[in-house]
Every structure is written in C-alpha cells, then in structure tokens.
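Asker:
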Amino acid sequence: MRTVEVVRPMNIECDPVVELDGAHDPTPAATVEIRGAVRALLDQWHIVGTAAEDVLLVVHELVANVVDHAKTPFRLAIKLCGSVVQVWVRDQSRRPIVVRPLDPESLRGRGLPLIAAIADNWGCQECSDGKTVWAAIPV
C-alpha cells in the first residue's frame, strides 16, 4: 500500500464554484442524488458524451469512497474552468486515503486508479478536521 502525496488543491481563477446541496450524509442514496445533480449541471454547461461520463465516473468514485471509507457527512463542489471540470469532495475523516495496487481478482479497489486514469491531475489535502480529495477532469 502507498499513501497519496498531499498536494495543494487547484487554484485557478474561473467560473464560480457550484456547491451541490450543502452537506450530504454518507449513504448510497446520496451517490445517486449527486450523480443526477452533476448530470444536470453538465447539461447546463453543454458537456455531453464521453466527457460527461468521465466527470460522472470521477464524481461517483469520490463520493463512493466517502460512503464506503470515511463514513462522515461530506460536501461536494464543482466548477468549470475552460476545458477542465474541477471537483472537490470534503469529508470529516482524518484517515488518509490509500492507493492500493490494482488486484485483478478483487471486486473492489479500482476507484482511485480510475480517477488517476481519467483526471489530468488529482490529489488530497488533509487538514485537522478531515480532508478534501479533488480532481481536474478534461472536457
């Protein structure tokens, strides 16, 4: 196992951040609700096809990690910066994220490698009351 290096989140001037519905409970239902809200936002931004599916997959994996591992209330924020969608998921767990080697026999453990494969950049910023995992997805 290896822990992801803590990096600073993206700091690019662009469109305002859209925070989706404030705090969410760490439930599978939240994953479905957020996916619908993000899809509607991508439609407003005229992001469709494979680009939209890439963003939705990254959002799903980030939220699923909170539901499965952090198990704390969380917030999701998203913004469009030119040809990049930036996503942040902030939870209240101080437990660091861990990227495990991909095991083809396992049914789990593919989320962070998927995010790394899709995103131009991603990382985690830890703080005293939780962490923010973020990704920049090209569209």
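Per our numbering, the very first residue in the sequence shown carries number 33; after that it's consecutive. Yeah, the Cβ is synthetic: ideal placement off N, Cα and C, and Gly gets one too.
(1) Ignore the nearest five residues each way along the sequence and tell me which others in residue 39's own chain have a CB closer than 6 angstroms to its CB.
(2) Please go through the same chain and pick out, in chain order, the residues whose beta-carbon is closer than 8 angstroms to the beta-carbon of residue 99, but skip the five residues on each side of it.
(3) Please report the straight-line C-alpha distance between residue 70 and residue 82, rounded to a whole angstrom.
(4) Which residue spans inside the segment 128-158 form an unbroken alpha helix (DSSP H) run of at least 4?
(5) From the DSSP output, which residues share a beta bridge with residue 120?
(6) Grab me the residues of residue 161's own chain with a C-beta within less than 7 angstroms of its C-beta, minus the 5 sequence neighbours each way, in chain order.
(7) Got a sec, what are the start and stop residues for the alpha helix (DSSP H) residue 92 sits in?
(8) Can residue 168 and residue 116 be called in contact, C-beta distance under 7 angstroms?
(9) Go through its chain and collect everything with a Cβ distance to residue 253's Cβ below 8 angstroms, but skip five positions before and after it.
(10) Answer yes or no: do residue 50 and residue 94 have a C-beta to C-beta separation smaller than 7 angstroms?
Answerer: Checking against the coordinates, here is how it stands:
(1) On the sequence shown, position 7 is the one that residue 39 refers to. Only weak support exists for where residue 39 lies, its pLDDT of 40 falling under 50; the value from the coordinates is given anyway. Contacts found: 155.
(2) For the purposes of this step, residue 99 is taken as residue 67 along the sequence shown, with counting starting at 1. Hits under 8 angstroms: 58, 59, 60, 62, 63.
(3) As a first step, residue 70 is located in the sequence shown; it is residue number 38 there, counting from the start. As a first step, residue 82 is located in the sequence shown; it is residue number 50 there, counting from the start. Rounded to whole angstroms, residue 70 to residue 82 spans 14 angstroms at the Cα level.
(4) 143-150
(5) Here the question's residue 120 lines up with position 88 in the sequence shown. Residue 120 is bridged to 109, 166.
(6) Position 129 of the sequence shown holds residue 161. Excluding sequence neighbours, residue 161 sits near 124.
(7) To locate residue 92, count along the sequence shown from 1; it is residue 60. Element bounds for residue 92: 81-97.
(8) What you label residue 168 is simply residue 136 of the sequence shown in a count that begins at 1. What you label residue 116 is simply residue 84 of the sequence shown in a count that begins at 1. It is a contact, given that the beta carbons lie within the stated cut-off.
(9) Since the displayed the chain opens at 33 and closes at 171, residue 253 lies outside it and no answer follows.
(10) Start at 1 with the first residue of the sequence shown, and residue 50 comes out as number 18. Start at 1 with the first residue of the sequence shown, and residue 94 comes out as number 62. No, these two residues do not count as a Cβ contact at 7 angstroms.
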